[in-house]
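Undergrad:
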Ligand code: BES
Ligand code: ZN
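In this note's numbering, the protein residues as written are 33 to 476.
As structure tokens, this is what we get:
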């Protein structure tokens, strides 16, 4: 590994650019500045655009009429690091153990986007230019729903016009296995609060005579699924596009299935909607997930209290055919209908993004697959959909009219969003190679 590249990645990672935490806004902004300076130093022209939220970094080479315009999108923001005690080494002090870089953001997305940046840097150094009109668009709000990027795209539609967009922010199904992702689930978020008594109560003095919001919430959350793991919200599956038989056949042959999922997750057993394999449940079926639940006493020991309110943070993963607003309305109706007596329910809609599907056999899709094949010689490229979401890809299509190619470098055990997030140096190197082959193939 070129040690300067690793130094660059480490410097990038050391910014604790956690977009969701207000107290980290300064770190997020400093990270954007560093990135802009890096892009300039490599010979591109970078701009840092202030938004109502975190800055957006845009960089380009000198555009020449008649060449393809390629946008490479990524994000420099990261997810929170808690539970901090479960990290083997501090999340923002990157270290290499056995050829693997451990740090928050190493995979998602700093390692992957910086591989493209450095790949362009290498080509510029060797050849003076890349073979396309290039636009880097690197934002700081992906992990919180990209709320300011849409306005930005609309305002800068002309300068950001491009023929195709490439993103490395998805996964590889296994080590050394080039992977082209042609579909992503969408997402919609919602927070539900159940309000009980005006204040916390002594659970001996009042317990039994007032509804406990935590008990009510547990009952309510339990109504969201049936015992077989199917979502029990009326109409939830109405618009779900059915899996194609070729997908079921192809996915069954992939070197990624129950055994790998069990090993990577460390779950005691797999569980999910009847009638589908685990991979089908992940990539082609919608879900309702509880991401956080709370209320009452959370400290060590015991406290005899009835908490005045309880909350649950929900997200829904959506598949082609489903629309976020429709699903939110259906879940809202379900929650209102099933809310136990004695509490007041409050529902707040959060961010959302539509599911994405593109044609892996389009001319650009084929170019991307050739680039992957050249990056991993002798290895067959897997064609997959994935369960995660990158909401902005639909906005790209809507506002810029461009399709997105998803060429991810994250491994199944990368621990994105979790303690000990990691990225193998070999994937970082592959990303640098991929940038060159990709721009060459897209230029053709
Ligand atoms: N890189 C992920 C998305 C991803 C991960 C796609 C794995 C496919 C496979 C991205 O950074 C992410 O985590 N997105 C969020 C979006 C949400 C906060 C709106 C997600 O999927 O939870
Ligand atoms: Zn992420």
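All C-beta atoms, glycine included, are put in the ideal place defined by N, C-alpha and C.
1) State the Cα-Cα distance for the pair residue 94 and residue 201, rounded to the nearest angstrom.
2) Name, in chain order, the residues that DSSP records as bridge partners for residue 398.
3) Going by alpha carbons, who is nearest to residue 210 out of 287, 377, 101?
4) How far does the beta strand (DSSP E) with residue 19 in it extend, from its first residue to its last?
5) From what residue to what residue does the beta strand (DSSP E) around residue 81 run?
6) Can you tell me the Cα-Cα spacing of residue 439 and residue 199, whole angstroms?
7) Pick out whichever of 386, 142, 149 has its Cα sitting closest to the Cα of residue 272.
8) In or out: residue 459 buried (at least 16 other Cβ within 10 Å) or exposed?
9) Reducing DSSP to helix, strand and coil, say where residue 433 ends up.
10) I need the DSSP call for residue 72, collapsed to helix, strand or coil.
11) Tell me the rounded alpha-carbon separation between residue 382 and residue 220.
12) With DSSP as the reference, identify every bridge partner of residue 222, one or two as the case may be.
13) If I measure Cβ to Cβ from residue 431 and keep anything under 8 Å in the same chain, skipping five residues before and after, which residues do I get?
14) Using only alpha-carbon positions, find the residue among 109, 163, 306, 74 that is nearest to residue 62.
15) Considering only heavy atoms of the ligand ZN and the C-beta of each residue, which residues fall inside 6 Å, strictly closer?
16) Let me check you understand the geometry: is the CB of residue 201 closer than 6 Å to at least one non-hydrogen atom of the ligand BES?
17) If you draw a straight line from the alpha carbon of residue 207 to that of residue 456, how long is it in whole angstroms?
18) Compute the distance between the beta-carbons of residue 225 and residue 164, then report whether it is under 7 Å.
19) Tell me whether residue 420 counts as near the ligand BES, meaning its Cβ is closer than 6 Å to at least one heavy atom of that ligand.
20) Please report how far the alpha carbon of residue 169 lies from the alpha carbon of residue 422, in whole angstroms.
21) Less than 6 Å separating the Cβ of residue 172 from some heavy atom of the ligand BES?
22) When you compare only the Cα positions, how much space is there between residue 237 and residue 329?
23) May I ask which residues mark the beginning and end of the alpha helix (DSSP H) holding residue 454?
24) Put residue 207 into one of helix, strand or coil per three-state DSSP.
25) Rounded to whole angstroms, what is the Cα-Cα separation between residue 357 and residue 363?
26) Just verifying my parser: in three-state terms, what is the DSSP assignment at residue 272?
27) So, helix, strand or coil for residue 321, using DSSP?
28) Return yes when the Cβ of residue 86 is within less than 7 Å of the Cβ of residue 173, no when it is not.
29) Straight-line CA distance for residue 397 to residue 426?
30) For residue 283, which residues in the same chain have their Cβ closer than 6 Å to its Cβ, ignoring the five residues on either side in sequence?
31) How is residue 58 classed by DSSP in three states: helix, strand or coil?
32) To which residues does DSSP link residue 303 through a beta bridge?
33) DSSP on residue 171, reduced to helix/strand/coil?
34) Give a yes or no on whether the C-beta atoms belonging to residue 393 and residue 111 are separated by under 7 Å.
35) Distance, Cα to Cα, residue 478 vs residue 154?
TA: This is what the structure holds:
1) Counting from one through the chain shown, the residue named residue 94 turns up at place 62. Counting from one through the chain shown, the residue named residue 201 turns up at place 169. Cα to Cα, residue 94 sits roughly 26 Å from residue 201.
2) The count along the chain shown starts at 1 and reaches residue 398 at position 366. Paired residue(s): none; residue 398 is not in a bridge.
3) Residue numbering aside, residue 210 sits at position 178 when the chain shown is read from its first letter. Selected option, being the one with the closest Cα: 287.
4) For residue 19 there is no data in the structure shown, the boundaries of the chain being 33 and 476.
5) The residue given as residue 81 occupies position 49 in the chain shown. Per DSSP, residue 81 belongs to the beta strand (DSSP E) from 77-81.
6) The residue labelled residue 439 in the question sits at position 407 within the chain shown. The residue labelled residue 199 in the question sits at position 167 within the chain shown. The alpha-carbon atoms of residue 439 and residue 199 are separated by roughly 6 Å.
7) Here residue 272 refers to the residue found at position 240 when the chain shown is read from its first residue. That would be 386, whose Cα lies nearest to the Cα of residue 272.
8) In the chain shown, counting from the first residue as 1, residue 459 sits at position 427. Classification of residue 459: buried, given that the 10 Å Cβ count is 16 or more.
9) Here residue 433 corresponds to residue number 401 of the chain shown, with the count starting at 1. Correct three-state label for residue 433: coil.
10) Residue 72 sits at position 40 when you count from the first residue of the chain shown. Residue 72: helix per DSSP, three-state reduction.
11) Position 350 of the chain shown holds residue 382. Position 188 of the chain shown holds residue 220. Those two C-alpha atoms are separated by around 7 Å.
12) Residue numbering aside, residue 222 sits at position 190 when the chain shown is read from its first letter. BP columns for residue 222 point to 346, 381.
13) Counting from 1 along the chain shown, the entry for residue 431 is found at position 399. Excluding residues within five positions, the ones whose Cβ falls inside 8 Å are 182, 185, 186, 189.
14) The residue you call residue 62 lines up with position 30 of the chain shown. The candidate whose alpha carbon is nearest that of residue 62 is 109.
15) 111, 140, 175, 448, 449
16) As a working note, residue 201 is residue 169 in the chain shown. Residue 201 Cβ: within cutoff of the ligand BES.
17) In the chain shown, residue 207 corresponds to position 175, counting from 1. In the chain shown, residue 456 corresponds to position 424, counting from 1. In a straight line, the C-alpha of residue 207 is about 9 Å away from that of residue 456.
18) Counting from 1 along the chain shown, the entry for residue 225 is found at position 193. Counting from 1 along the chain shown, the entry for residue 164 is found at position 132. Contact flag unset, no.
19) By 1-based counting over the chain shown, the position of residue 420 is 388. Residue 420 Cβ: within cutoff of the ligand BES.
20) Along the chain shown, one-based indexing puts residue 169 at 137. Along the chain shown, one-based indexing puts residue 422 at 390. Roughly 14 Å separates the two Cα atoms.
21) Taking the chain shown and counting its residues from 1, the one referred to as residue 172 is at position 140. Every heavy atom of the ligand BES is 6 Å or more from the Cβ of residue 172, so no.
22) Numbered from its first residue, the chain shown carries residue 237 at position 205. Numbered from its first residue, the chain shown carries residue 329 at position 297. Their Cα atoms are separated by approximately 17 Å.
23) For the purposes of this step, residue 454 is taken as residue 422 along the chain shown, with counting starting at 1. No alpha helix (DSSP H) contains residue 454, which is instead part of the beta strand (DSSP E) from 454-456.
24) Against the chain shown, residue 207 aligns to sequence position 175. Three-state result, residue 207: coil.
25) Sequence index remark: in the chain shown, residue 357 carries index 325 (1-based). Sequence index remark: in the chain shown, residue 363 carries index 331 (1-based). Answer to the nearest angstrom: the Cα atoms are 10 Å apart.
26) Locating residue 272 in the chain shown gives position 240, where the first residue counts as 1. Correct three-state label for residue 272: coil.
27) Here residue 321 refers to the residue found at position 289 of the chain shown. If DSSP states are grouped into helix, strand and coil, residue 321 belongs with the strands.
28) As a position in the chain shown, residue 173 is number 141, starting the count at 1. As a position in the chain shown, residue 86 is number 54, starting the count at 1. Yes, Cβ-Cβ distance for residue 173 and residue 86 is below 7 Å.
29) Indexing the chain shown from 1 puts residue 397 at position 365. Indexing the chain shown from 1 puts residue 426 at position 394. Approximately 17 Å, taken between the alpha carbons.
30) Stepping through the chain shown from its first residue, residue 283 is reached at position 251. Contacts found: 311.
31) Here residue 58 corresponds to residue number 26 of the chain shown, with the count starting at 1. Helix.
32) Indexing the chain shown from 1 puts residue 303 at position 271. None, per the DSSP bridge assignment.
33) Position 139 of the chain shown, counting from 1, holds the residue named residue 171. Of the three classes helix, strand and coil, the one that applies to residue 171 here is strand, per DSSP.
34) Residue numbering aside, residue 393 sits at position 361 when the chain shown is read from its first letter. Residue numbering aside, residue 111 sits at position 79 when the chain shown is read from its first letter. Contact flag unset, no.
35) With the chain running from 33 to 476 in the structure shown, residue 478 is simply not present.
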